[in-house]
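Visitor: All residue numbers for the sequence shown refer to this note's numbering, where the first residue is 8 and numbers rise by one.
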Amino acid sequence: MTYRYLKKLEDYRKEIDGRLFNFFLLTIVIAVIIFSLLNFKFLGGETLVSALISCTISFGIYEWYKDKVTADFNMEFKNNVMHRIVSKINPNLEYYPYDFINLAEFNYPQIYKYPDIYNGNDLILGNIDGVDIKFSDVHLQEKVERVDSRGNRRVNYYNIFQGILFIADFHKNFTSKTYVISSFGVKTWGELAYMDNSEFENEFEVYTDDQINARYILTPKLMEQILKIKKLFNCSINIAFLDNKIYIYIEFNRDSFEPDISRTLLGRDSIILQYQNEVEILISLVKELSLNTRIWR
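#1: Within 10 Å of its beta-carbon, does Asn46 have 16 or more other beta-carbons around it, so buried, or fewer, so exposed?
#2: Please go through the region 226-287 and give each complete beta strand (DSSP E) segment of 3 or more residues, from N-terminal end onward.
#3: Please tell me whether Ser190 and Ser243 are closer than 7 Å, where the distance is taken between their beta carbons.
#4: Which ranges would you report for the beta strand (DSSP E) in the region 70-128 if only whole runs of at least 3 residues count?
#5: Within 10 Å of its beta-carbon, does Ser57 have 16 or more other beta-carbons around it, so buried, or fewer, so exposed?
#6: Which one of Leu27, Asn251, Val36, Arg270 has the shortest CA to CA distance from Asn180?
#7: Checking the sheet assignment: what are the DSSP bridge partners for Val151?
#8: Which value, in whole angstroms, describes the spacing of the CA atoms of Met82 and Leu229?
#9: On a CA-only basis, which of Ile219, Val213, Phe259 is nearest Gly170? Give me that one, please.
#10: Alpha carbon to alpha carbon, how far is Asn204 from Ser291?
#11: Is it buried or exposed for Ile233, if we count other Cβ within 10 angstroms and need 16 for buried?
#12: Can you name the start and end residues of the beta strand (DSSP E) that Leu45 belongs to?
#13: In three-state terms, what does DSSP make of Gly25?
#14: Let me confirm a value: Thr182 is counted as buried when at least 16 other C-beta atoms fall within 10 Å, else exposed. Which label applies?
#15: CB Asp272 to CB Leu16, shorter than 7 Å?
#16: Under the assumption that Ile236 contacts Glu295 (Cβ atoms under 8 Å), give the Cβ distance between them as a whole number of angstroms.
#17: In whole angstroms, give me the CA-to-CA distance for Asn209 and Asn97.
#18: Pull up the distance between the alpha-carbon of Asp18 and that of Ser269, whole angstroms please.
#19: Please report the Cβ distance between Asp176 and Val138, rounded to the nearest whole angstrom; I am assuming they are in contact, meaning their Cβ atoms lie under 8 Å.
#20: Just verifying my parser: in three-state terms, what is the DSSP assignment at Thr215?
#21: In or out: Asp123 buried (at least 16 other Cβ within 10 Å) or exposed?
#22: Excluding the five sequence neighbours on either side, which residues of its own chain have a C-beta within less than 7 Å of the C-beta of Phe28, listed in chain order?
#23: Got a sec, what are the start and stop residues for the alpha helix (DSSP H) Val293 sits in?
#24: Drop a sphere of 10 angstroms on the beta-carbon of Tyr282, count the other beta-carbons inside from all chains shown, and report buried for 16 or more, exposed for fewer.
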């Protein structure tokens with residue numbers, strides 16, 4: 008990416024950011040007008056209800072406008088900037104901005120409950136040091152319907168998982184199923200296994216259908232590497248080892264690699280450098296977890 012191209016895109020970003028700020032001020036005025044009409048004319052002094060309705064409407068208007076004015080910038084960022092970030096890091100990697108790991112693959116280890124809504128984006132796949140890898144943003148939601156005392160039906164959506172799923176060949180032949188869990192409220196399979204690492208035991212619970220194989224897989228070195236990865240990401244991670252693959256669920260609780268219109272594209276604080284670093288960290292899992300080392304054949 009040339010500086011000239013990035014400077015032009017940065018100027019476009021600043022223009023959009025300025026328009027959004029001005030529209031935000033306008034939505035505050037809209038909120039005040041709606042509140043005044045509701046509170047003093049229609050709802051007879053129901054201040055809290057009036058405030059809630061006016062804020063909800065104004066927020067919806069702002070989000071609609073934001074989606075509209077940032078659409079072209081977001082597409083340019085995804086199709087050009089992210090593509091070049093990924094190819095610069097490793098030419099063996101392919102980037103698909105609007106694809107993601109399918110539900111069947113996500114759900115294969117059966118750690119999380121089955122979702123009502125499943126979507127994602129930013130699929131990156133390829134071969135690193137002889138290891139086939141793929142990862143993408145994934146978002147699972149559960150739909151919950153409730154009926155209040157007045158008979159009104161309310162629908163709410165709750166996150167089951169939001170983050171990145173990383174799948175790679177493990178290059179260690181095994182037929183067992185082993186799970187390394189750090190989250191609460193997820194499914195567990197098999198018997199609890201106790202590891203000879205107190206720090207690892209404090210951070211994770213291990214479940215397996217083969218105690219011996221679990222210890223072959225979770226060597227002292229691998230446990231240390233998993234601890235290092237968890238500290239690096241600073242969030243809950245859950246791992247499944249099955250069918251000679253490793254599934255790493257990283258619960259970032261955000262949509263990674265999305266363009267942030269408030270963040271500069273230039274300089275040390277560039278969002279481009281941040282995303283490049285994040286992709287490099289994910290790819291480094293191959294070496295950090297020694298996935299390119301063959302132990303069993």
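For glycine and all other residues, C-beta sits at the position ideal for the given N, C-alpha and C. In this text the structure is predicted, and so the values were computed from the model without any measurement.
Guide: In short:
#1: buried
#2: 244-249, 252-257
#3: yes
#4: 100-103
#5: buried
#6: Asn251
#7: Asn163
#8: 39 Å
#9: Phe259
#10: 24 Å
#11: buried
#12: Per DSSP, Leu45 belongs to no beta strand (DSSP E) and is neither H nor E.
#13: helix
#14: exposed
#15: For the record, residue 272 in the displayed sequence is Leu; it is not Asp. A contact, by the Cβ cut-off of 7 Å.
#16: 6 Å
#17: 36 Å
#18: 12 Å
#19: 5 Å
#20: strand
#21: exposed
#22: none
#23: 292-295
#24: buried
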